[in-house]
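**Student:** Going line by line, the protein sequences match chains F and H.
One gets this note's numbering by counting positions in the first sequence from 1 and adding 19 to each.
One gets this note's numbering by counting positions in the second sequence from 1 and adding 19 to each.
Starting off with a structure, shown below.
Protein chains: 2
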Amino acid sequence: MSPTITAFEQSPDRGRGLARDMRVRWALEEVGQPYNVRLLSFAAMREPAHLALHPFGQIPTYEEDDLALFESGSIVLHIAQRHGGLLPAGANARARAITWMFAALNTVEPPIVDLQIARIMEGDQPWYEQRLPLVQARLHKRLGELSGCLGHADWLDGAFSAGDLLMVSVLLRAKAAGILSEHPKLAAYVARGEARPAYKRAFDAQLAVFTAASAR
Amino acid sequence: MSPTITAFEQSPDRGRGLARDMRVRWALEEVGQPYNVRLLSFAAMREPAHLALHPFGQIPTYEEDDLALFESGSIVLHIAQRHGGLLPAGANARARAITWMFAALNTVEPPIVDLQIARIMEGDQPWYEQRLPLVQARLHKRLGELSGCLGHADWLDGAFSAGDLLMVSVLLRAKAAGILSEHPKLAAYVARGEARPAYKRAFDAQLAVFTAASAR
Chain F
20 MSPTITAFEQ SPDRGRGLAR DMRVRWALEE VGQPYNVRLL SFAAMREPAH
70 LALHPFGQIP TYEEDDLALF ESGSIVLHIA QRHGGLLPAG ANARARAITW
120 MFAALNTVEP PIVDLQIARI MEGDQPWYEQ RLPLVQARLH KRLGELSGCL
170 GHADWLDGAF SAGDLLMVSV LLRAKAAGIL SEHPKLAAYV ARGEARPAYK
220 RAFDAQLAVF TAASAR
Chain H
20 MSPTITAFEQ SPDRGRGLAR DMRVRWALEE VGQPYNVRLL SFAAMREPAH
70 LALHPFGQIP TYEEDDLALF ESGSIVLHIA QRHGGLLPAG ANARARAITW
120 MFAALNTVEP PIVDLQIARI MEGDQPWYEQ RLPLVQARLH KRLGELSGCL
170 GHADWLDGAF SAGDLLMVSV LLRAKAAGIL SEHPKLAAYV ARGEARPAYK
220 RAFDAQLAVF TAASAR
């Protein structure tokens, strides 16, 4: 049985591939695992049937036989552990790749989400303009550190891994916010991720959902 | 060889156990693995020797033979995978426990850190008082969802796991910020974590570092 993931029936990013189902789609495409998608309206995401799968009422979830998971990081790790291609074979290199998965989600993504929260949820507040430079400065500091660590390498630690998959996914949100141009090495890193055939297949699949929903 | 972790020479939380080395100490105590601690000043954390271990110049790091890791989530997962006691034996239960690790760090911790950032880094800004209720509301919504999911269970999914270890660690920051009293089930959950002998040993060890530094 192919696994089933959940995704937005109509993505709030208008098909730009920034919703978190994209990370799971990309991982499944990298390892060549077919999957099913169950689309959810915003109303359905707050219903008991979905909250039983995802306590925070979000997407994606992942169902496979009698296993049900949430959290994109955990789902990507599960896929990477069950299939070859997303984690190195050696135990130490594997632990380092998993370290980059956590770094993407716990160290790099939060200041990016903070910028999104400022713009989307506080954009009409009187403090917005004055506070924005502080939020941007915290994010640029973090991105500068990441850029210094990447240097001139193609990927964060050897071959492309689930760590890169999550880091590129997280940075795509910074790119969409227009702030990656100040970090050319990271912009090139993200472009390398977007150029991967598996990324393109995943992107096209999520875009097709949005296009179909918009045409109705 | 016992692993070596890094921690603050003088913790900014004044020994309250909220720094991220505490999570790693706790995990090591749960599995009964002795460890060494290398203490770092704030200046040393920005030096090349440390940045080679931790690209974001933070603590903790974890060194064991020729393996070097950063990110507390990754280190706790590494410890949990190498030793018994922090992850269930069954593959599905194991994947669910790891899901809670990611949920703690990527879904529950960010709004808690946002409150800390608001208070510590923006407490003197003109918008602070006006903005605080928005930050608190976002956090209480998330904590309410978590509380509903925990219900009357002792731990998030069966026996105590690395997922509970990270979730309790994250919630201790919310407790320190005085906002856990509105969520009695979560307050009791945190108290169960704090009552574990391994937690107490880890807490005492980090407190002894702060006490010794203060006495100098």
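Note that CB positions come from ideal geometry on N, CA and C, so glycine has one too.
(1) Tell me the DSSP bridge mates of F89(F)?
(2) Where does A108(F) fall in DSSP's three states?
(3) Taking 8 Å as the cut-off, decide whether the C-beta atoms of L124(H) and F121(F) are in contact.
(4) At least one CB of chain F closer than 8 Å to the CB of A193(H): is that the case?
(5) Just to confirm the assignment, what range does the alpha helix (DSSP H) spanning T126(H) have?
(6) Does the beta carbon of F61(F) come closer than 8 Å to any beta carbon on chain H?
(7) Chain H partners of L88(F), CB-CB under 8 Å?
(8) Determine, using beta-carbon pairs with one atom in the region 95 to 109 of chain H and one in the region 75 to 86 of chain F, whether at least three such pairs fall under 8 Å.
(9) Within the 8 Å Cβ cut-off, does T80(F) reach chain H?
(10) Listing by chain order, which chain H residues have their CB less than 8 Å from the CB of G170(F)?
(11) Quick one: residues in its chain with C-beta nearer than 7 Å to the C-beta of A217(H), no 5 flanking neighbours on either side, listed in chain order?
(12) L153(H) by DSSP, collapsed to three states: which one?
(13) Output, in chain order, the set of chain F residues within a Cβ distance shorter than 9 Å of E141(H).
(14) Report yes or no: is there a C-beta of chain F within less than 8 Å of the C-beta of A122(H)?
(15) Between T126(H) and chain F, is the shortest Cβ-Cβ distance under 8 Å, so that the two count as touching?
(16) Determine the direct distance from the alpha carbon of I117(H) to that of A110(F), and round the result to whole angstroms.
(17) Please say whether R115(H) and D173(H) have beta carbons closer to each other than 8 Å?
(18) So what does I24(H) bridge to, in DSSP terms?
(19) Can you pull the chain H residues whose beta carbon is under 9 Å from the beta carbon of S180(F), in chain order?
(20) Using a Cβ cut-off of 9 Å, pull out every chain H residue sitting near E164(F), in sequence order please.
(21) Can you tell me the Cα-Cα spacing of W181(F) and A234(H), whole angstroms?
(22) Take the Cβ of R214(F) as the centre, count every other Cβ of all protein chains shown within 10 Å, and call the residue buried at 16 or more, exposed below.
(23) What residues in the region 205 to 227 of chain H bring their beta carbon closer than 8 Å to a beta carbon of chain F?
**Tutor:** A quick look at the data gives this:
(1) T80(F)
(2) coil
(3) yes
(4) no
(5) Segment: none, T126(H) is in no alpha helix (DSSP H) and carries neither H nor E.
(6) no
(7) A114, R115, T118
(8) Flag = no, the region 95 to 109 of chain H and the region 75 to 86 of chain F do not touch.
(9) So no, T80(F) is outside the interface.
(10) Within 8 Å Cβ-Cβ: nothing; G170(F) doesn't reach chain H, min ~10 Å.
(11) W45, E48, E49
(12) helix
(13) R150, L153
(14) yes
(15) Among the residues facing chain F, T126(H) is included, as its CB has a counterpart in that chain under 8 Å away.
(16) Cα-Cα distance, rounded: 18 Å.
(17) no
(18) V56(H), Y81(H)
(19) Near S180(F) there are no residues of chain H at all, since even the closest Cβ is about 13 Å away, more than 9 Å.
(20) Annotation: Cβ neighbours of E164(F) in chain H (cutoff 9 Å, chain order): L70, P74, F75, G76.
(21) Looking at the sequence itself, residue 181(F) is Ala, so the reference to Trp does not match. Separation of A181(F) and A234(H) (C-alpha to C-alpha, rounded to the nearest whole angstrom) is 45 Å.
(22) The residue asked about is misnamed: residue 214(F) is Ala in this sequence, not Arg. It is exposed - the Cβ of A214(F) has fewer than 16 other Cβ atoms within 10 Å.
(23) none
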